[in-house]
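Protein sequence lines, in the order shown, are assigned to chains A and B. In this text, residue positions in the first sequence follow my numbering: the first is 165, and each later residue adds one. In this text, residue positions in the second sequence follow my numbering: the first is 1049, and each later residue adds one. Glycine included, every Cβ here is placed at the ideal spot set by N, Cα and C. Please read these numbers as outputs of a predicted model, since none were measured by experiment. Structure first, then comments.
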Amino acid sequence: MEYFLELLIGGLTRGSIYALIALGYTMVYGIIELINFAHGEVYMIGAFTALIVASILSILGWNEIAILFIASVVAVVYSMAYGYTLEKVAYKPLRHAPRLSALISAIGMSLFLQNYVLLAQTSDFMPFPSLIPDLKFLEPIAYLVSTPEVVIIVTTTIVMVLLTFLIKFTRVGKAMRATAQDREMAMLVGVDVDRVISITFIVGSATAALGGVLIASHIGQINFYIGFIAGIKAFVAAVLGGIGSMPGAVLGSLVLGCAESFFTGFVSSDYEDVFAFVILVFILIFRPAGILGRSDTQKV
Amino acid sequence: MFALDEIKKSFLTSIWFMFLTFPIMVIRVNTVENIVQWRWERMFLIGIGSFFLSFIWRYLLKRKERGRKKADRGEVDRISWNRRIAREPRFYIPALIGVCGFVLAFPFIFSLYQTNIMITALIYVITGLGLNIVVGLAGLLDLGYVAFYAVGAYSYALLNYHFGLGFWAALPIGAGLGLIFGVLLGFPVLRLKGDYLAIVTLGFGEIIRLILENWNEFSFGPSGIANIPRPGFFGIEMSLQQATIYLYFVMIILALGTIFVVRRLQDSRIGRAWIALREDEVACQAMGIDKTRTKLSAFAMGATWAGMAGVVFAAKTTFINPASFTLWESITILCVVVLGGMGSVIGVIFGALTLILLPEYLRVFSEYRLLVFGAVLVVMMVFRPGGIVSQVRRTYQFKGTAPDKPNAEAVSPG
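This is the structure in structure tokens:
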């Protein structure tokens, strides 16, 4: 039972991180129907930026909480800038091109950003300082759940609530929903679609960067390749929940996180990455719309 | 002022990129010894570089926009130079003879090392042409193409290890296994839309690689299989030099065979169905084309060539392990197809030779290879989606004025 709970909490932590990344996928897909392949790379760049800032500040001898806060803010700001630029350079000129072109451009961008970090920084794993301090009141159940896990789950919940608020109750959110429903119609009623798309990329990148900082300080090391696997898994989660649907992305992420955690805990850890892909293939074959997605007919 | 405005734009772009690349490019921390390295000269270079690149970027975007407007008005661009050469016999016959002579003489003029590089490039020509069927003609983005390549390579290696099968026996078996895997994997996934297909094939590619890595009893795991024999020629013993030259000619013949088959396929009923499917699925179905079967045949065809190329790859390197079959290999092949021109045979050959030979000869830049590949994919898609040698849509031109007696002339693609 204890082992089960441990795996469950591990799975929820993992799922929370996937959710933070998957939101970016699902929001972008909802609005421009493009799989943003380079999204995982934005997450990776967020983690790297945080690492650099945190290392400099810890050499200067700041205290942990301040470092965590500043590193996260800088990482989020930079990821937003990258997400924005990415859209302007690689996707905006292709708005009217066939979808295959945009997809290939996205793959190219992902390859480019990975190698950019590889060449400018290093190909080795870099140790990431553990920034999240241990909380006193969690000590009695420390055997079950660690502080970083709690912090990750709580942060994710807060981000979800804020994001729901943004989408449901603000003008920008309304514009986003309108654009997702029908881009041309939204344009006709005065929505600046280019701006909405930029904002979507920026918001998605911000949550991904937050996920990057949290998981990096939980696991304790990063390299240039982390974005790829995390990106693919988050994508699987987004598809599992129903791509284009935000609650779906969160639900899918949590389900995938727990499923993976139990699979590695009870069956085998060799095939951990295969497992996610197998899940993906099965959903796409049997329920392509995902758990919460709606299946729509193809427009001619 | 026009120029001042442009300079201001470029200046702002360069400031933005200096800001953007600041932490990753300039700062480097050594977390073990707690040393921070500042590399300011890079920031300077990026500022200058992006200042000039942004001019070129905007100029190209404008040119593309002008071209699109022209096409909208119905004006046809003048026939490009490569098309003119391909059409005039007095240009292309000497060119063809020249290329043939060069190809035949290549292994005797150049060293063993050069010949080996050329063989690698030819393997990419074959895989590129195979992927061209899937991506270029049928418009299905297959990111797990390397899985079939791995199937071919492992089928030769394992059949040779267990049963002592030779290269020539393994070649059709490898191709056949590629075909079978293509059908098996294609069957469940081909109902999916374009972008899902890309991810699922990527998943399949990774699954096959991870299985090869983890299933030690079957594939000998990450350590791979060594001592795979080179192709034999009626049991004659050959030195390394002779074997390489022999393999080179085998590759030339296989490549020519592939080119022949692909061109014939393009002009066949099924080839036209692929192109129609790429252009518009719904319209294609309305015309009575079986969508699943057509897609499946494209997928299986591509996989067959990959299987064959895999056998050759195993025979060439005489050692294989799962590390040769990563996703990046798939993307390299995709890059070959995209750079050369999706759907165009000449384009793919050109793309393979450029992308494989250039990094080999420019060793200094070899670490930037993947970086450049990524940039090539983006830039090609933004500015020249058709590739360097783009496939021209097959058209019929009507000459003469008499409406009752149209003199139709088919313009065949290059």
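V1173(B): which of G1399(B), L1418(B), C1332(B) sits nearest, CA to CA? Here the closest residue by C-alpha is G1399(B).
Taking 8 Å as the CB-CB cut-off, is T213(A) touching chain B? yes
Under 8 Å, do S1062(B) and S1102(B) count as touching if we go by C-beta distance? Here S1062(B) is near S1102(B), since their CB atoms are less than 8 Å apart.
Within chain A, the residues that G1391(B) reaches when beta carbons sit closer than 9 Å: Ordered by position in chain A, no residue passes the 9 Å Cβ test against G1391(B), which lies about 12 Å from the chain.
Between A284(A) and chain B, is there a C-beta pair that is closer than 8 Å? yes
With a cut-off of 8 Å, does the C-beta of M1429(B) fall near any C-beta of chain A? Using a CB distance cut-off of 8 Å, M1429(B) counts as an interface residue toward chain A.
Please list, in chain order, the chain B residues whose beta carbon lies closer than 7 Å to that of F427(A). Correct list: empty, because the minimum Cβ distance to chain B is about 14 Å.
With the cut-off set at 8 Å, would you say A1205(B) and G1253(B) are in Cβ contact? No; because the gap between Cβ atoms is not below 8 Å, this pair is not in contact.
So is the beta-carbon of G179(A) under 7 Å away from any non-hydrogen atom of the ligand SAM? Ligands in the displayed structure: none, and consequently the ligand SAM is not present.
Are the C-beta of M273(A) and some C-beta of chain B separated by less than 8 Å? The beta carbon of M273(A) sits closer than 8 Å to some beta carbon of chain B.
Rounded C-alpha distance that separates T1342(B) from L267(A): Note on geometry: alpha-carbon atoms of T1342(B) and L267(A) lie some 22 Å from one another.
Please classify G1115(B): is it buried, with 16 or more other beta-carbons within 10 angstroms of its beta-carbon, or exposed? Burial is judged here by how many other beta carbons sit within 10 angstroms of a residue's own beta carbon; G1115(B) has fewer than 16 and is exposed.
Cβ pair count under 8 Å reaching 3, the stretch 352-366 of chain A against the stretch 386-394 of chain A: no
CB contact check: Y1244(B) to chain A, cutoff 8 Å: yes
Boundaries of the beta strand (DSSP E) in which W1086(B) is found, first to last residue: Segment 1083-1086, the beta strand (DSSP E) holding W1086(B).
Identify the contact partners of N1262(B) in chain A, using a Cβ-Cβ distance below 7 Å as the criterion. Within chain A, the residues D434, Y435 have their CB atoms less than 7 Å from the CB of N1262(B), given in chain order.
Which runs of the alpha helix (DSSP H) at least 4 residues long sit entirely within the stretch 217-303 of chain A? Give them in chain order. 228-250, 263-284
With DSSP as the reference, label N1078(B) as helix, strand or coil. When secondary structure is reduced to three states using DSSP, N1078(B) falls in the strand class.
Distance cutoff 8 Å, beta carbons only. Does V445(A) sit that close to anything in chain B? Yes, V445(A) counts as interfacial toward chain B.
Do you know offhand how far G1462(B)'s Cα is from Q1314(B)'s? With a pLDDT of only 41 at G1462(B), under the threshold of 50, the placement of this residue in the model should not be trusted; the figure read from the coordinates follows. Taking the straight line from one Cα to the other gives about 12 Å.
Does the distance from the C-beta atom of V1359(B) to that of I1181(B) stay below 8 Å? no
In whole angstroms, give me the CA-to-CA distance for R1059(B) and D1053(B). One detail in the question is off: residue 1059(B) reads as Phe in this sequence, not Arg. Across the structure, F1059(B) and D1053(B) are spaced so that their CA atoms are roughly 10 Å apart.
Determine, for F233(A), whether the minimum Cβ-Cβ distance to residues of chain B falls below 8 Å. no
Rounding to the nearest angstrom, what Cα-Cα distance links K1117(B) and Y1107(B) in this structure? 15 Å
Can you give the Cα-Cα distance for P452(A) and V403(A), rounded to whole angstroms? 8 Å
Given C1383(B) as reference, the closest of M1429(B), L1344(B), M1073(B), F1361(B) once Cα atoms are compared: M1429(B)
What are the residues in the stretch 391-420 of chain A lying within 7 Å of chain B by C-beta distance? F399
Taking the alpha carbon of T190(A) as the reference point, which residue from M410(A), G416(A), V438(A), V445(A) has its own alpha carbon closest? When each option's Cα is compared against that of T190(A), the closest is M410(A).
Please check the pair I209(A) and L277(A), which I expect to be a contact at CB under 8 Å, by giving their CB distance rounded to whole angstroms. 7 Å
Determine the DSSP secondary structure at I1368(B), reduced to helix, strand or coil. When secondary structure is reduced to three states using DSSP, I1368(B) falls in the strand class.
So that I know if they touch, is there some Cβ in chain B lying closer than 8 Å to that of F289(A)? no
Give a yes or no on whether 8 Å exceeds the smallest Cβ distance from I317(A) to chain B. no
Go ahead and label E1265(B) buried or exposed: buried means 16 or more other beta carbons lie within 10 angstroms of its beta carbon, across all protein chains shown. exposed
So what's W1064(B) in DSSP terms, helix, strand or just coil? helix
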